[in-house]
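Notes follow the structure.
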Amino acid sequence: MRERFLPILIALKRILKIKKLVGITYDLKDDYLAQGFDAEKVAEFDNIQTINAIDESLKAIGFRTVRIGNIKHLVQYLAQGKVCDLVFNIAEGMYGLAREAQIPALLEAYNIPHVFSDALVLAVSLHKGMSKAVVAKSGVPTPDYMVINEKKDIENLAIPYPVFLKPVGGGTGMGISASSIVRNKASFIKEANRLLKTFEQPVLAEAFLEGREFTVGITGCGEDAECLAVMEILVDSASDKGIYSYKTKQEYLEYAKYQLVDGDLAKECEKVALGAWRALGCLDGGRVDLKADNKGRICFLEVNPLAGLNPVDSDLPILCKLSGISYQELIDKIVRSAMSRIAGKKD
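Numbering (numbering that gives the first Met the number 0), first residue to last: 0 to 346.
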């Protein structure tokens, strides 16, 4: 009798040992460039090197993978009745101020768990004005700011010069250049109008901070979130007057230097970064950007809950490499956070 059922028992054991299938969703930069999109407007999108690195890391830590692609590909994938156990989502989205939230919202509608923050957090975090409002309300220091939604708002600036201007929903230095720092009304009006027209979205105006600039890598959620390291960003004044701009980020090998920070300064940066991360409800992994004012006070600039993961030139992997954390270890930390969080929801 036992021998009769032995093949069935073996088959069941094999089924139980099948590795979880992780789908990878992303926007491939080359796809959009081929369609004629401007390079700066797709600056946040990923190259194949990033997708390969994520795919290889997921396989190395014990998963099967399937490359799904962008939101249109995901719609087709789901319409065909295909599923996966988990989605590793790094898609930035193309349209709208909630573009980063679109794939997570679709996955949540299908009850498919995914890595990184949920749709609500991604929508709020992408809008720099809304995220600052949440963070400031929690008591985390942030420079004075206002959101310019349309041309008539330009006349209502109540922040002393110098002021820093950038698109409210941009990333990877999008829209940021030497002209982002404005020191008088004429320059302010000119640059605000340019950004409104070019990027067709509101503009964030905030008090320009003269101090040092930092980014903090974080993994985990809530009280379990932890800082990986604090990295200072040093920009050569020859590049956009020392601003960590779109141009600087594209030519970082020539104009930018990175160094880890420790001691009391690192602790202060970690405190501010974790405060912002927890206030916004960010999940699993990402970065928080900070800057010091002229008195040395560390202030929140913005959060990136979908931080770039290019193994060579993205800030989070650079930060990890400097602190002795391999790329595979970073991906493992992120996925472990997601799986622990998802398991907690099921209990």
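C-beta atoms are modelled at their ideal positions from N, C-alpha and C, and glycine is treated no differently. Just so you know, these numbers come straight off a predicted model, no measurement behind them.
For residue i, the first and last residue of its enclosing beta strand (DSSP E)
{"i": "M145", "result": "144 to 147"}
{"i": "Y257", "result": "255 to 259"}
{"i": "D312", "result": "That residue, D312, is in no beta strand (DSSP E); it is neither H nor E in DSSP."}
{"i": "I242", "result": "Looking at the DSSP string, I242 is not in any beta strand (DSSP E), and its letter there is neither H nor E."}
{"i": "I67", "result": "63 to 68"}
Bridge partner(s) assigned by DSSP for residue i
{"i": "L85", "result": "V21"}
{"i": "L27", "result": "D45"}
{"i": "R340", "result": "BP columns for R340 are empty, so no partner."}
{"i": "V202", "result": "I147, P166"}
{"i": "E301", "result": "D288"}
{"i": "F213", "result": "E231, L289"}
{"i": "T218", "result": "E225, G284"}
{"i": "V347", "result": "Shown here, the chain extends from 0 to 346; a query on residue 347 therefore has no answer."}
Reference residue i, options the options, closest by Cα
{"i": "V302", "options": "A157, V139, K332", "result": "V139"}
{"i": "K270", "options": "G169, R296, K246, K248", "result": "R296"}
{"i": "P112", "options": "V21, M93, D54", "result": "V21"}
{"i": "I158", "options": "H126, G168, E328, I147", "result": "I147"}
{"i": "P161", "options": "V167, G168, A185", "result": "A185"}
{"i": "R323", "options": "L27, M230, R335, K266", "result": "Going by the sequence as given, residue 323 is Gly instead of Arg. With distances taken between Cα atoms, G323 lies closest to M230."}
{"i": "I50", "options": "Y245, A100, D30, T24", "result": "T24"}
{"i": "E99", "options": "I70, N110, G80, A78", "result": "I70"}
{"i": "F62", "options": "I341, D331, I102, R340", "result": "D331"}
{"i": "G95", "options": "G68, L27, K40, G219", "result": "K40"}
{"i": "G80", "options": "A104, A97, Y109, D54", "result": "Y109"}
{"i": "R340", "options": "D45, G68, E222", "result": "E222"}
{"i": "I47", "options": "A33, A38, K28, S236", "result": "K28"}
{"i": "V395", "options": "G219, M93, E250, R66", "result": "Residue numbering for the chain in the displayed model covers 0 to 346; residue 395 lies beyond these limits and cannot be assessed."}
{"i": "K150", "options": "P201, T64, V65", "result": "P201"}
{"i": "K294", "options": "D45, G210, L282", "result": "G210"}
{"i": "Q34", "options": "I67, V74, T64, M93", "result": "M93"}
Same chain, Cβ closer than 6 Å to residue i, neighbours up to 5 away in sequence not counted
{"i": "L321", "result": "L259"}
{"i": "E205", "result": "P142, Y144, F163"}
{"i": "L315", "result": "G216, R286, A306"}
{"i": "E43", "result": "E91, G170, T171"}
{"i": "D84", "result": "K19, L20"}
{"i": "M338", "result": "none"}
{"i": "K127", "result": "V167, L203, E301"}
{"i": "T214", "result": "M230, R286, D288, D314"}
{"i": "A59", "result": "Q327"}
{"i": "F87", "result": "V21, I23, V114"}
{"i": "C268", "result": "F213, V215, V229, L289, I297"}
Close beta carbons around residue i, own chain, < 8 Å, minus the five adjacent residues each side
{"i": "Y326", "result": "A52, S56, P310, P316, C319, K320"}
{"i": "E190", "result": "L164, S178, S179, V181"}
{"i": "Y243", "result": "G172, I175, E212, I232, V234, A255"}
{"i": "W276", "result": "I217, A224, G285, V287, V302"}
{"i": "E250", "result": "S238"}
Sequence-distant residues of the same chain with beta carbon closer than 7 Å to residue i, five excluded per side
{"i": "I188", "result": "I153"}
{"i": "E107", "result": "D117, A118"}
{"i": "L279", "result": "V120, V123, S124, S130, V133, V134, V302"}
{"i": "L208", "result": "P142, K290, A291, D292, C298"}
{"i": "A265", "result": "V229"}
{"i": "A272", "result": "V215, I217, C226, V287, L289"}
{"i": "L77", "result": "Y109"}
Span of the alpha helix (DSSP H) around residue i
{"i": "R193", "result": "184 to 198"}
{"i": "G262", "result": "262 to 279"}
{"i": "V167", "result": "Element bounds for V167: n/a, residue is neither H nor E."}
Proximity test, residue i beta-carbon vs the ligand ADP heavy atom, cut-off 7 Å
{"i": "L27", "result": "The ligand ADP is not among the ligands present in this structure, which contains no ligands whatsoever."}
8 Å Cβ cutoff, residue i in contact with chain B
{"i": "A255", "result": "This model lacks chain B altogether; it includes just one protein chain."}
Runs of beta strand (DSSP E) wholly within the segment 108 to 160 (minimum 3 residues, chain order): 144 to 147, all fully within the segment 108 to 160.
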